[in-house]
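Single-structure report; data block below.
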Amino acid sequence: MVKQLLWAGLLGLAGCQTSRPQSPTGIYKTAAAFRQRQPSLAGLNAGKVFLARKVYVVNAPGSGERRTKVSLDSVWGYAGSNHVAYRLYKHAAYEVEQADTLSIYSRLTSNGKTQQRIYFFSQGLTGPVQRLSKKYLKQAYADNPRFLDPLASMKWYHSLAFYESPPAGPRSFRVVALYRQSLGMPATYAH
Numbered sequence: 001m002v003k004q005l006l007w008a009g010l011l012g013l014a015g016c017q018t019s020r021p022q023s024p025t026g027i028y029k030t031a032a033a034f035r036q037r038q039p040s041l042a043g044l045n046a047g048k049v050f051l052a053r054k055v056y057v058v059n060a061p062g063s064g065e066r067r068t069k070v071s072l073d074s075v076w077g078y079a080g081s082n083h084v085a086y087r088l089y090k091h092a093a094y095e096v097e098q099a100d101t102l103s104i105y106s107r108l109t110s111n112g113k114t115q116q117r118i119y120f121f122s123q124g125l126t127g128p129v130q131r132l133s134k135k136y137l138k139q140a141y142a143d144n145p146r147f148l149d150p151l152a153s154m155k156w157y158h159s160l161a162f163y164e165s166p167p168a169g170p171r172s173f174r175v176v177a178l179y180r181q182s183l184g185m186p187a188t189y190a191h
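Okay, so the sequence shown: first residue is 1 according to the working numbering, each after it adds one.
As C-alpha cells, this is what we get:
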C-alpha cells in the first residue's frame, strides 16, 4: 500500500511534465495531417518502429508479424501506442513537445549511466530541426529583433526549455510565448 502511494505520488509529479494532448496512433505523412490529428495510416502500432535508410516499418494492429513498409521520404512523423507524437527528421525521431509557429521537440539521450532530455526547435512544423539554443535561435530568427531582444536579455540560468502550465490546459514553452508575442499573437497554450 505504501509502495503504491509512493509510486502514485511520483507519477503525479512526473505528470506535470507530460501534460501534452494525446495524438491518434499511426503515421502522419504531412505536417498538415499532424496538425489536424488525422494520420494517413491510422491505428498502426508505430511504437514498434524500425528505421532503416529508406523504409519505415510498423506492425499493423492484431496482425502478429504482418508489417507495413512506408518510404521515409513520405513520412513526417508518427504517434506510437503511447499516443505521443514524434517527428522524423534525418532518420531520427524527435518527440513533439509543442507544435506551434516555433515548434519544440525533445530526445532522450544516454551516456551509459544517466539519461538526459535534449530540446530542439524548428520554424513551424516543417523547418529543419535544430538544437534549442540562443545561437541557433538567433540564426533562424535573425530578421525578428522583437523576438531576439527579449531572448538576449534572458539570464544564463533561465533555460530555454522552461514552460508554464496554466490552470487549465497544456503547458507552453516560454520561448514559444516570446516568439508569438513578437509577432503580435497571443501567447496561447497551443500544442
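Every residue, glycine too, gets a C-beta built ideally from N, C-alpha and C.
Cβ contact (3+ pairs, closer than 8 Å) linking the stretch 80-96 and the stretch 143-153: no
Taking just the CA atoms, how far does Ile104 sit from Ile118? 11 Å
Whole angstroms is fine: what's the gap from Met192's alpha carbon to Ala31's? The question about residue 192 has no answer here: the residues shown for the chain are numbered 1 through 191.
Spatial neighbours of Ala161 in its chain, beta-carbon cut-off 6 Å, leaving aside the 5 residues before and after: Tyr119
Output the distance between the C-alpha atoms of Tyr86 and Tyr163, rounded to the nearest integer angstrom. 19 Å
Buried or exposed: where does Gln98 fall if 16 or more other Cβ atoms within 10 Å of its Cβ makes it buried? buried
Within the same chain, show all residues whose beta-carbon is closer than 7 Å to that of Arg37, passing over the 5 residues directly before and after it, in chain order. Ser23 and Pro24
One or two residues paired with Phe120 in a DSSP bridge: Tyr105 and Arg131
Going by DSSP in three states, Ala142 sits in which element: helix, strand or coil? coil
Drop a sphere of 10 angstroms on the beta-carbon of Asp143, count the other beta-carbons inside from all chains shown, and report buried for 16 or more, exposed for fewer. exposed
Does the distance from the C-beta atom of Phe34 to that of Val84 stay below 9 Å? no
Indicate the three-state DSSP secondary structure (helix, strand or coil) for Ala99 in the structure shown. coil
Taking buried to mean at least 16 other C-beta atoms within 10 Å of its own C-beta, is Pro39 buried or exposed? buried
Give the straight-line distance between the Cα atoms of Ser159 and Lys138, rounded to the nearest whole angstrom. 16 Å
By Cβ distance below 7 Å, which residues in the same chain neighbour Thr200 in space, the five residues on each side in sequence not counted? Because the chain is modelled from 1 through 191, residue 200 falls outside the range shown and cannot be assessed.
Please state whether DSSP places Ser172 in a helix, a strand or coil. strand
Whole-angstrom distance between Tyr141 and Lys29, CA atom to CA atom: 27 Å
When the Cα atoms are used, what is the spatial distance from Gln228 to Lys135? Coverage of the chain is limited to positions 1 through 191, which leaves residue 228 absent and any answer about it impossible.
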